[in-house]
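Structure first, commentary second.
Protein chains: 2
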Amino acid sequence: ENVLKLNDEVAQQNRHQLREAGVTCINLIGSPGSGKTALLERTLEMLGSDLAVGVLAGDMATTRDANRLAAFTPHVVQINVGKSCHLDANQVRQGMNSLDLTALDLLIIENVGNLICPVGFDLGQDVKVGMFSATEGDDKPAKHPYLVLEAGLLLLNKIDLLPHVPFDVTRFREDVGSIREGIPLIELSAVTGDGLDVWCTWLRRLCNERP
Amino acid sequence: ENVLKLNDEVAQQNRHQLREAGVTCINLIGSPGSGKTALLERTLEMLGSDLAVGVLAGDMATTRDANRLAAFTPHVVQINVGKSCHLDANQVRQGMNSLDLTALDLLIIENVGNLICPVGFDLGQDVKVGMFSATEGDDKPAKHPYLVLEAGLLLLNKIDLLPHVPFDVTRFREDVGSIREGIPLIELSAVTGDGLDVWCTWLRRLCNERP
Ligand SMILES: Nc1nc2c(ncn2[C@@H]2O[C@H](COP(=O)(O)OP(=O)(O)OP(=O)(O)O)[C@@H](O)[C@H]2O)c(=O)[nH]1
Ligand SMILES: Nc1nc2c(ncn2[C@@H]2O[C@H](COP(=O)(O)OP(=O)(O)OP(=O)(O)O)[C@@H](O)[C@H]2O)c(=O)[nH]1
Ligand SMILES: [Mg+2]
Ligand SMILES: [Mg+2]
Ligand SMILES: [Zn+2]
Ligand SMILES: [Zn+2]
Numbered sequence: 010e011n012v013l014k015l016n017d018e019v020a021q022q023n024r025h026q027l028r029e030a031g032v033t034c035i036n037l038i039g040s041p042g043s044g045k046t047a048l049l050e051r052t053l054e055m056l057g058s059d060l061a062v063g064v065l066a067g068d069m070a071t072t073r074d075a076n077r078l079a080a081f082t083p084h085v086v087q088i089n090v091g092k093s094c095h096l097d098a099n100q101v102r103q104g105m106n107s108l109d110l111t112a113l114d115l116l117i118i119e120n121v122g123n124l125i126c127p128v129g130f131d132l133g134q135d136v137k138v139g140m141f142s143a144t145e146g147d148d149k150p151a152k153h154p155y156l157v158l159e160a161g162l163l164l165l166n167k168i169d170l171l172p173h174v175p176f177d178v179t180r181f182r183e184d185v186g187s188i189r190e191g192i193p194l195i196e197l198s199a200v201t202g203d204g205l206d207v208w209c210t211w212l213r214r215l216c217n218e219r220p
Numbered sequence: 010e011n012v013l014k015l016n017d018e019v020a021q022q023n024r025h026q027l028r029e030a031g032v033t034c035i036n037l038i039g040s041p042g043s044g045k046t047a048l049l050e051r052t053l054e055m056l057g058s059d060l061a062v063g064v065l066a067g068d069m070a071t072t073r074d075a076n077r078l079a080a081f082t083p084h085v086v087q088i089n090v091g092k093s094c095h096l097d098a099n100q101v102r103q104g105m106n107s108l109d110l111t112a113l114d115l116l117i118i119e120n121v122g123n124l125i126c127p128v129g130f131d132l133g134q135d136v137k138v139g140m141f142s143a144t145e146g147d148d149k150p151a152k153h154p155y156l157v158l159e160a161g162l163l164l165l166n167k168i169d170l171l172p173h174v175p176f177d178v179t180r181f182r183e184d185v186g187s188i189r190e191g192i193p194l195i196e197l198s199a200v201t202g203d204g205l206d207v208w209c210t211w212l213r214r215l216c217n218e219r220p
């Protein structure tokens with residue numbers, strides 16, 4: 010439909026601009042409170058010296074996420090989408106204009122908290138990363154197959170809470186595999202730091218492959 | 010826009026049909042994994058003898074929620090919305106057709122796991138109920154003001170996990186109050202049963218007021 014076609018044209022322009030500037034870009038998609046910002050706080054800490062990382066944070070309202078991330082990097086911009094349910098390529102283009110792309114190796118877009126609508130909107134990223142969390146229940150991949158199909162990487166956050174919640178990790182992994190065999194899955198905790206090294210290695214490799 | 014106008018016409022027909030049948034209806038809106046189904050499992054158990062309760066469960070894919078609820082009542086129907094992000098009035102009308110409304114006092118619609126898109130779509134309900142959970146972080150009301158403004162009742166689920174998560178209940182309540190002073194808020198746990206009596210009382214009252 011027309012809105013999507015227009016979006017994809019702008020997304021392609023974003024993609025071109027990012028590649029011209031040598032910036033790798035990921036689009037992080039997950040439920041409200043799955044721990045996207047917490048993960049990015051840890052990521053900025055860990056990668057800070059190796060890679061120059063910028064963040065574009067999308068939310069309906071508030072600048073709380075950008076405020077949290079600003080403690081770790083000056084390269085942060087908040088987009089408020091208002092009564093919308095996903096970032097679009099035009100908003101990302103505007104966000105990119107207020108960042109110094111020449112100073113960055115990696116741009117992480119933290120999409121609006123929503124497992125569904127962001128999946129269908131190209132922003133110009135290299136990879137969509139889908140994030141689940143252990144407190145949401147183990148059936149979320151089965152209920153959100155389009156995200157599993159679209160993502161280049163899946164994350165399971167909050168694994169530190171597994172002892173406290175009825176989450177069947179085996180079933181979760183099987184459901185992921187039956188939708189998309191072989192898709193990379195990293196199990197981690199933004200609070201304890203478990204799995205963050207694997208995540209950072211993945212990010213570094215992506216930047217080296219697509220500088 | 011046209012889609013919304015068509016939806017609202019069907020929603021009004023649903024509303025009329027429900028009132029003709031003497032069925033009170035709520036539209037339960039919350040993030041993926043906030044505990045909607047778990048709450049309804051407990052609710053069906055507790056209300057089972059006083060009120061005849063039916064559930065219409067919406068998900069992109071799977072019948073897992075309907076399967077869970079079928080253990081507690083025969084009055085359950087699952088709607089799979091596919092690549093959509095919210096139930097619409099037409100889908101609810103179809104769901105209502107496969108329920109025996111004459112046998113029901115209360116119909117609970119469990120909307121697709123999504124804090125945003127369902128807010129704008131009238132389904133024919135008497136009240137929209139917004140559900141947050143303690144594992145999502147205390148900033149969700151501030152980030153989702155339209156849900157707070159649209160809801161007739163707000164729930165905070167998973168309060169049993171408060172000792173394990175950095176959730177500031179005072180800040181949460183203040184944010185709710187500054188968006189909408191005096192909106193009812195029930196803090197509960199679908200796992201321990203805390204607060205469920207208050208929730209069931211609210212439901213009973215609603216059914217008595219709008220039989
Ligand atoms: N136990 C535990 N809690 C976590 C973890 N990651 C995040 N949290 C908590 O989860 C809540 C939400 O974290 P956020 O980082 O705000 O989540 P988010 O996905 O950015 O939320 P939105 O941007 O609003 O969609 C906070 O209370 C965090 O402390 C984790 O790995 N383990
Ligand atoms: N500790 C705790 N866990 C809960 C509570 N309520 C639900 N859960 C857990 O949270 C996870 C998700 O519960 P569901 O009932 O499937 O959540 P939902 O909102 O129906 O999920 P969707 O329909 O997929 O959006 C499950 O692992 C539940 O056991 C609660 O009050 N306390
Ligand atoms: Mg965030
Ligand atoms: Mg459910
Ligand atoms: Zn949407
Ligand atoms: Zn939507």
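Line by line, the protein sequences give chains G and C.
The numbering of the first sequence is the numbering used here, which starts it at 10 and goes up by one.
The numbering of the second sequence is the numbering used here, which starts it at 10 and goes up by one.
Ideal placement from N, C-alpha and C gives every residue a C-beta, glycine not left out.
When you compare the region 16 to 27 of chain G with the region 122 to 138 of chain G, are there three or more beta-carbon pairs, one atom per stretch, that lie closer than 8 Å?
yes
Below 6 Å, is the gap between the Cβ of G/K152 and the nearest heavy atom of ligand 2?
As a first step, residue 152 of chain G must be located in the first sequence, where it is residue number 143. G/K152 Cβ: within cutoff of ligand 2.
How would you call G/V101, buried or exposed, if buried means at least 16 neighbouring beta carbons within 10 angstroms?
Sequence index remark: in the first sequence, residue 101 of chain G carries index 92 (1-based). Burial call: buried.
Is there a Cβ of chain C sitting closer than 7 Å to that of G/A112, yes or no?
Taking the first residue of the first sequence as position 1, residue 112 of chain G is located at position 103. Not closer than 7 Å to any Cβ of chain C, the Cβ of G/A112 fails to qualify, so no.
Using only Cβ atoms and a threshold of 6 Å, which residues come within that distance of a heavy atom of ligand 6? Order them by chain position.
G/C94, G/C126, C/C94, C/H95 and C/C126
So, for C/V174: in the same chain, excluding its five sequence neighbours on each side, which residues have a beta-carbon less than 7 Å away from its beta-carbon?
Against the second sequence, residue 174 of chain C aligns to sequence position 165. For C/V174, where only same-chain residues beyond five positions count, the Cβ hits under 7 Å are A143 and T144.
Taking G/R51 as the query, report the chain C residues whose CB atoms sit under 9 Å from its CB, ordered along the chain.
Numbered from 1 along the first sequence, position 42 holds the residue referred to as residue 51 of chain G. Residues of chain C passing the Cβ test: none, with the nearest at roughly 15 Å.
By the 7 Å beta-carbon criterion, what residues does the region 50 to 80 of chain C contribute toward chain G?
D68, M69, A70, T71 and R73
N- and C-terminal bounds of the alpha helix (DSSP H) containing G/V90
Along the first sequence, read from residue 1 onward, the residue named residue 90 of chain G stands at position 81. Neither: G/V90 is in no alpha helix (DSSP H) and is coded neither H nor E.
If you draw a straight line from the C-alpha of G/E95 to the C-alpha of C/S58, how long is it?
Position 86 of the first sequence, counted from the start, is the residue given in the question as residue 95 of chain G. Position 49 of the second sequence, counted from the start, is the residue given in the question as residue 58 of chain C. The sequence given here places His at residue 95 of chain G; Glu does not occur at that position. Taking the straight line from one Cα to the other gives about 43 Å.
Report yes if the CB atom of G/G104 is closer than 7 Å to the CB atom of G/H84, and no otherwise.
Looking up residue 104 of chain G in the first sequence gives position 95. Looking up residue 84 of chain G in the first sequence gives position 75. No.
Heavy atom of ligand 3 within 6 Å of G/W74 beta-carbon
Your numbering for residue 74 of chain G matches position 65 in the first sequence. The question names Trp, yet the displayed sequence has Asp at residue 74 of chain G. Within the cutoff, so yes.
By Cβ distance below 6 Å, which residues in the same chain neighbour G/K149 in space, the five residues on each side in sequence not counted?
Taking the first sequence and counting its residues from 1, the one referred to as residue 149 of chain G is at position 140. The answer, listed in chain order, is F141.
What number of angstroms, rounded off, separates the C-alpha of C/A75 from the C-alpha of C/T52?
One-based indexing of the second sequence puts residue 75 of chain C at position 66. One-based indexing of the second sequence puts residue 52 of chain C at position 43. C-alpha separation (whole angstroms): 14 Å.
What I want to know is whether the C-beta of G/K167 ends up closer than 6 Å to one or more non-hydrogen atoms of ligand 1.
Here residue 167 of chain G refers to the residue found at position 158 of the first sequence. Flag set: Cβ of G/K167 near ligand 1.
Completely contained beta strand (DSSP E) runs for the region 152 to 177 of chain C, where each covers 3 or more residues
162 to 166
For chain C, check one thing: does any of its Cβ atoms lie closer than 7 Å to the Cβ of G/S40?
Here residue 40 of chain G is taken as the residue at index 31 of the first sequence, counted from 1. So yes, G/S40 belongs to the interface.
Beta carbon of G/R193: closer than 6 Å to some heavy atom of ligand 1?
Start at 1 with the first residue of the first sequence, and residue 193 of chain G comes out as number 184. Just to set this straight, residue 193 of chain G is Pro in the shown sequence, not Arg. No, Cβ of G/P193 sits at least 6 Å from all heavy atoms of ligand 1.
To test your reading of the DSSP string, which unbroken beta strand (DSSP E) runs of 3 or more residues are found completely within the region 99 to 138 of chain C?
115 to 119
If distances are taken between C-alpha atoms only, which option among C/N123, C/G91 and C/L113 comes closest to G/L42?
As a first step, residue 42 of chain G must be located in the first sequence, where it is residue number 33. Residue identity differs from the one stated: residue 42 of chain G is Gly in this sequence, not Leu. G/G42 has its Cα closest to that of C/N123, out of C/N123, C/G91 and C/L113.
Can you pull the DSSP bridge partners for G/I35?
For the purposes of this step, residue 35 of chain G is taken as residue 26 along the first sequence, with counting starting at 1. BP columns for G/I35 point to G/I117 and G/V136.
For G/N23, go through chain C and note every residue whose CB falls closer than 8 Å to its CB, in chain order.
Residue 23 of chain G sits at position 14 when you count from the first residue of the first sequence. Simply none; closest approach about 23 Å.
Would you mind telling me which residues of chain C sit closer than 9 Å to G/D206, beta carbon to beta carbon, in chain order?
The sequence position of residue 206 of chain G within the first sequence is 197, counting from 1. Ordered by position in chain C, no residue passes the 9 Å Cβ test against G/D206, which lies about 23 Å from the chain.
Of the residues that make up the region 132 to 166 of chain G, which ones have a beta carbon closer than 7 Å to any beta carbon in chain C?
T144, E145, G146, D148, K149, A151, K152, H153, P154 and Y155
Can C/T46 be considered in contact with ligand 4, in the sense that its beta carbon sits closer than 6 Å to one or more heavy atoms?
In the second sequence, counting from the first residue as 1, residue 46 of chain C sits at position 37. Yes, since a heavy atom of ligand 4 falls inside the 6 Å radius drawn around the Cβ of C/T46.
Three or more C-beta pairs below 8 Å linking the region 26 to 35 of chain C and the region 110 to 118 of chain C:
yes
Which residues mark the beginning and the end of the beta strand (DSSP E) in which C/D68 is found?
Start at 1 with the first residue of the second sequence, and residue 68 of chain C comes out as number 59. Per DSSP, C/D68 belongs to the beta strand (DSSP E) from V62 to D68.
According to a CB-to-CB cut-off of less than 7 Å, which residues of the region 85 to 98 of chain G neighbour chain C?
K92 and C94
Measuring alpha carbon to alpha carbon, tell me which residue in C/C34, C/K167, C/I117 and C/G186 is nearest C/G146.
Indexing the second sequence from 1 puts residue 146 of chain C at position 137. The shortest C-alpha separation from C/G146 is found at C/K167.
Could you tell me the distance, in whole angstroms, from the CA atom of G/V185 to the CA atom of G/L194?
Here residue 185 of chain G refers to the residue found at position 176 when the first sequence is read from its first residue. Here residue 194 of chain G refers to the residue found at position 185 when the first sequence is read from its first residue. Looking at the two C-alpha atoms, the distance is approximately 9 Å.
Using CA coordinates, which residue listed in G/L165, G/I192, G/L13 and G/M69 is at the minimum distance from G/G202?
The residue given as residue 202 of chain G occupies position 193 in the first sequence. Ranking the options by Cα distance to G/G202, first place goes to G/L165.
The region 114 to 130 of chain G: positions lying closer than 8 Å to chain D by Cβ
The displayed structure is made up of protein chains G and C, and chain D is not among them.
7 Å Cβ cutoff met for G/A199 and G/L48:
Taking the first residue of the first sequence as position 1, residue 199 of chain G is located at position 190. Taking the first residue of the first sequence as position 1, residue 48 of chain G is located at position 39. Closer than 7 Å, so yes.
Looking only at its own chain, which residues have a Cβ that is under 7 Å from the Cβ of C/L158, when we skip the five neighbours before and after it?
For the purposes of this step, residue 158 of chain C is identified with residue 149 of the second sequence, where counting begins at 1. For C/L158, where only same-chain residues beyond five positions count, the Cβ hits under 7 Å are I188 and R189.
Residues bridged to G/S142 [DSSP beta-bridge criterion]:
For the purposes of this step, residue 142 of chain G is identified with residue 133 of the first sequence, where counting begins at 1. G/S142 is bridged to G/N166.
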